[in-house]
Amino acid sequence: MSNQEIQDEEKEVLMSIYEGDDCFRSLNDTTYQYRVGDDGHFQSFLLEVSWSPEYPDELPTISLEAFYNKHIAKATKEHVVAQVTAEAEQWLGSAMTYTLFEFAKENATDLMKEQSEVVVVEQGGPEIEDVTNHTPVGKKKVKKEQLTKAQKRRMADRIDHKGERPRGWDWVDVIKLNKTGGGEV
8 MSNQEIQDEE
18 KEVLMSIYEG
28 DDCFRSLNDT
38 TYQYRVGDDG
48 HFQSFLLEVS
58 WSPEYPDELP
68 TISLEAFYNK
78 HIAKATKEHV
88 VAQVTAEAEQ
98 WLGSAMTYTL
108 FEFAKENATD
118 LMKEQSEVVV
128 VEQGGPEIED
138 VTNHTPVGKK
148 KVKKEQLTKA
158 QKRRMADRID
168 HKGERPRGWD
178 WVDVIKLNKT
188 GGGEV
């Protein structure tokens, strides 16, 4: 089989395995991403695997440079890429994308053990460290439900001046039930 035939077959297999999985994404015919860990957790990361035209006889490009991984320290990224690349070298010559994603899922805690809750923001200048707090900075604005005039009028007719329903609003009228044959009283 040629490399292109192997790639087409692996693409079909990946699409069938990860169908409906929110963690998996196909960017194009040769680039696939898989999110490892819970979304928003400090140890979650997005692993990207890109195939060259010579794949699987040549190692795929393994990357953690997606924007989703901005919270991960550079040393941790290098460690994860090195470990996944070492796993890929064992599978050289065969389809390995699924194996690499499963390796990352199974070893996520070991791969991210160096990652802390401290976020290092890399800019052109010096490094700035921010400690992530899981408390909201400001209150979320709760959008009030918009009612039409008719809905407001009906609501006002149902409740009294205290905002309560009148006494007996859910009582059953015994006389009406008796006339309609609702039962013997």
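By the numbering used here, the letter at position 164 of the sequence shown is numbered 171, and the numbering carries on one by one without gaps.
Ideal placement from N, C-alpha and C gives every residue a C-beta, glycine not left out.
Just so it is clear, the structure is predicted and the values come from calculations on it, not from any experiment.
Contacting residues, own chain, Cβ-Cβ under 6 Å from residue i (five flanking each side not counted)
{"i": "Ser4", "result": "Nothing about residue 4 can be reported from this structure: the residues present for the chain run from 8 to 192 only."}
{"i": "Asn76", "result": "Phe52 and Leu53"}
Sequence-distant residues of its chain with Cβ nearer than 7 Å to residue i (five each side left out)
{"i": "Tyr25", "result": "Phe31"}
Coil, strand or helix - residue i by DSSP
{"i": "Ile24", "result": "helix"}
{"i": "Val88", "result": "helix"}
{"i": "Asn35", "result": "strand"}
{"i": "Val179", "result": "coil"}
{"i": "Arg172", "result": "coil"}
{"i": "Glu121", "result": "coil"}
{"i": "Val128", "result": "Since pLDDT at Val128 reaches only 49, below the 50 mark, its modelled position is unreliable, and the value read off the structure follows with that caveat. Looking at Val128 - three-state DSSP - the assignment turns out to be strand."}
{"i": "Gln40", "result": "strand"}
{"i": "Leu184", "result": "helix"}
{"i": "Glu55", "result": "strand"}
Supposed contact pair residue j and residue i - C-beta distance, whole angstroms, cut 8 Å
{"i": "Ala82", "j": "Glu121", "result": "6 Å"}
{"i": "Phe52", "j": "Leu21", "result": "Going by Cβ atoms, the distance from Phe52 to Leu21 rounds to 19 Å, so no, they are not a contact pair."}
{"i": "Thr92", "j": "Leu66", "result": "7 Å"}
{"i": "Leu118", "j": "His86", "result": "7 Å"}
{"i": "Ala102", "j": "Pro63", "result": "6 Å"}
{"i": "Asn173", "j": "Asp167", "result": "In the sequence on display, residue 173 carries Pro and not Asn. Confirmed, Cβ separation roughly 6 Å."}
Contacting residues, own chain, Cβ-Cβ under 8 Å from residue i (five flanking each side not counted)
{"i": "Ala73", "result": "Gln40, Leu53 and Glu55"}
Task: Minimum length 4: unbroken alpha helix (DSSP H) runs contained in the region 66-110 - done: List check, alpha helix (DSSP H) in window: 81-97.
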